[in-house]
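**Student:** Position one of the sequence shown corresponds to residue 5 (our numbering), numbered consecutively onward.
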Amino acid sequence: MKTSRLYISFSNIKSVKLFSGKEYSLNTNDIIIYCIYLPDFIDLKSDLYEFLNSIEIKKAKRFYKEIDRNRFITYRAILKIILGAYTKLAVKNIYLDYDFNKKPYLASHPWLHFNISHSENFAIIAISRKKVGIDIEYLSEDFKFTNLLPDIFDEKERLTIQNAADKKKTFYSLWTRKESFVKALGKGIDEDFKYIPSLDGYHNVDFSLIKNTQNWQVYSFEISDYYLGAIAFEGLSPISNNLKMYSIPNTMTDLLKLIPIK
């Protein structure tokens, strides 16, 4: 039976401010995370709206709540700005394609892998030359997760959560790991989700489960006291100098510096 090697751990990566003049190129092992604190961009929504195409504008208008509409405008526009920085494409002309599991990609630049996740006040974007998936979750006080455990975790994972000092944080840690991994695979959530590994350490994963023979890494990280994230990507090479996280500046002057000059 073919198997993939999967390594899972925590990362102490911390977000640093994105600086102007940064060179937007990717080495083979680079894994870049961009962190967006959405409330900081509320005053820029009119400017960011201009980067959306007609399809995205229609989608924005379908949001019932204004706060959700504004969040979408912000993270979609910033995603396109970042993609423009790496591809040198005009931002307005960037159209996302989607695979059968609705994972976005750029047909014009198949070497550029990216993924996005958002929850409440934060959105995060992962960029790499490797297949990558990312997930973020708000640690909700009201969410009752106990009844869900048998459906999404195996016995060992359930015991880890039940015996943890902070059950809620442990639940979200394991959940985001699974979610980021299936997003990286382009697999989506299905009946096999509970069998996707999420505990620390090395795992051998059967081809029949993930339909993939590559090796993988998954890392958990904290964004703030109430937000946990996880990122999954191909390969088992060391990533200490290649995994970076930047916070997106909230002025149009700084954002416009990311846009390639034609």
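Cβ coordinates follow ideal geometry from the N, Cα and C atoms, glycine included.
#1: Indicate whether the contact test is met: 3 or more Cβ pairs, each with one atom in the stretch 206 to 220 and one in the stretch 6 to 13, closer than 8 angstroms.
#2: Jot down the residue ranges of each uninterrupted beta strand (DSSP E) in the stretch 9 to 70, minimum 3 residues, whole runs only, in chain order.
#3: Classify Val20: buried if its beta carbon has 16 or more other beta carbons within 10 angstroms, exposed otherwise.
#4: Rounded to whole angstroms, what is the Cα-Cα separation between Asp44 and Asn208?
#5: So, at 6 angstroms on beta carbons, what are the nonlocal neighbours of Ser15 in its own chain, with the 5 sequence-adjacent residues on each side left out?
#6: Which residues share a DSSP beta bridge with Trp220?
#7: Exposed or buried, which one is Leu152 when buried takes at least 16 other CB atoms within 10 Å?
#8: Tell me the DSSP bridge mates of Gly233?
#9: Since I believe Phe237 is in contact with Ile35 (beta carbons under 8 angstroms), could you give me their beta-carbon distance rounded to a whole number of angstroms?
#10: Just tell me which of Asn105, Lys18 and Thr78 has its CA closest to the CA of Lys191.
#11: Under 7 angstroms Cβ to Cβ from Glu60, same chain only, skipping five residues before and after it: list those, please.
#12: What span of residues does the alpha helix (DSSP H) with Ser184 cover, start to end?
#13: So, with DSSP's three-state summary, where would you put Lys134?
#14: May I ask you to list the residues that DSSP assigns as paired with Phe126?
#15: If distances are taken between C-alpha atoms only, which option among Ile71, Leu247, Leu259 and Ser58 comes closest to Ile138?
#16: Is it buried or exposed, Pro108, if we count other Cβ atoms within 10 angstroms and call 16 or more buried?
#17: Just the C-alpha distance for Val136 and Lys49, rounded to the nearest angstrom, thanks.
#18: Give a yes or no on whether the C-beta atoms belonging to Leu232 and Lys173 are separated by under 8 angstroms.
#19: Which of the three DSSP states is assigned to Pro114 in this structure?
#20: Can you look up Tyr90 in the DSSP assignment and give me helix, strand or coil?
**Tutor:** A quick look at the data gives this:
#1: Yes: at least three Cβ pairs fall under 8 angstroms.
#2: Every unbroken stretch of the beta strand (DSSP E) spanning 3 or more residues and falling wholly within the stretch 9 to 70 is given here in chain order: 35 to 41.
#3: Position 16 of the sequence shown, counted from the first residue, corresponds to residue 20. Per the 10 Å Cβ criterion, exposed.
#4: Counting from one through the sequence shown, the residue named residue 44 turns up at place 40. Counting from one through the sequence shown, the residue named residue 208 turns up at place 204. A straight line joining the alpha-carbon of Asp44 with that of Asn208 spans about 42 angstroms.
#5: Within the sequence shown, the letter at position 11 stands for residue 15. Correct list, in chain order: Tyr223 and Phe225.
#6: Taking the sequence shown and counting its residues from 1, the one referred to as residue 220 is at position 216. The partner list for Trp220 (beta bridge, DSSP) reads Leu10 and Glu238.
#7: On the sequence shown, position 148 is the one that residue 152 refers to. Of the other Cβ atoms in all chains shown, fewer than 16 fall within 10 Å of the Cβ of Leu152; this residue is therefore exposed.
#8: Indexing the sequence shown from 1 puts residue 233 at position 229. The partner list for Gly233 (beta bridge, DSSP) reads Ile140 and Phe225.
#9: The sequence position of residue 35 within the sequence shown is 31, counting from 1. The sequence position of residue 237 within the sequence shown is 233, counting from 1. 5 angstroms between Cβ atoms; contact.
#10: Here residue 191 is taken as the residue at index 187 of the sequence shown, counted from 1. Among Asn105, Lys18 and Thr78, the Cα nearest to that of Lys191 belongs to Asn105.
#11: Here residue 60 corresponds to residue number 56 of the sequence shown, with the count starting at 1. Answer for Glu60: Arg80, listed in chain order.
#12: Counting from one through the sequence shown, the residue named residue 184 turns up at place 180. Start and end: Lys171 to Leu189.
#13: Within the sequence shown, numbered from 1, the residue matching residue 134 stands at position 130. Collapsing the DSSP output to three states places Lys134 in coil.
#14: Position 122 of the sequence shown, counted from the start, is the residue given in the question as residue 126. Under DSSP, Phe126 takes part in a beta bridge, and its partners are Tyr41 and Ser123.
#15: By 1-based counting over the sequence shown, the position of residue 138 is 134. Nearest of Ile71, Leu247, Leu259 and Ser58 to Ile138, Cα basis: Leu247.
#16: In the sequence shown, residue 108 corresponds to position 104, counting from 1. Exposed, because fewer than 16 other Cβ atoms sit within 10 Å of the Cβ of Pro108.
#17: Translated into the one-based positions of the sequence shown, residue 136 becomes position 132. Translated into the one-based positions of the sequence shown, residue 49 becomes position 45. In this structure, the CA atom of Val136 is about 28 angstroms from the CA atom of Lys49.
#18: To locate residue 232, count along the sequence shown from 1; it is residue 228. To locate residue 173, count along the sequence shown from 1; it is residue 169. Yes.
#19: Sequence index remark: in the sequence shown, residue 114 carries index 110 (1-based). When secondary structure is reduced to three states using DSSP, Pro114 falls in the coil class, being assigned neither helix nor strand.
#20: In the sequence shown, the residue the question calls residue 90 occupies position 86. In this structure, Tyr90 counts as helix in the three-state DSSP scheme.
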